[in-house]
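Listed below in structure tokens is the structure:
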């Protein structure tokens, strides 16, 4: 990840649900067309970072699910079907 897209500490500390809720708020603000250009750029940038954080959380969750899949009484790794 490049330095320009490093996840800020306040976002990194967020749960998936909190980050998703804020991302949804940002999308609503941008869709409304009532945000000036400079503010739109700022919140779009934050939204992009929130999206990266959510994707990372989902990937980590999928990896955890993959590790605990039980097949025929034996623990086995199968890809989780999370889409």
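Residue numbers (the working numbering): 26 to 108. We treat Cβ as the ideally placed atom computed from N, Cα and C, and that holds for glycine. This structure is a prediction, so every number in the text was calculated from the model and none was measured.
- Restricted to the segment 48–82, not a single beta strand (DSSP E) segment is unbroken, complete and at least 3 residues in length.
- Bounds of the alpha helix (DSSP H) holding residue 37 are 34–37.
- In this model, residue 55 and residue 89 are separated by some 34 Å (Cα to Cα).
- Our two residues, residue 41 and residue 85, have alpha carbons roughly 11 Å apart in a direct line.
- Sixteen is the threshold: since fewer than 16 other Cβ atoms of the shown chains lie within 10 Å of the Cβ of residue 38, the residue is exposed.
- One thing to note: residue 44 has its Cβ within 8 Å of the Cβ of residue 75.
- Assignment of residue 31 by DSSP, reduced to helix, strand and coil, places it in the coil class.
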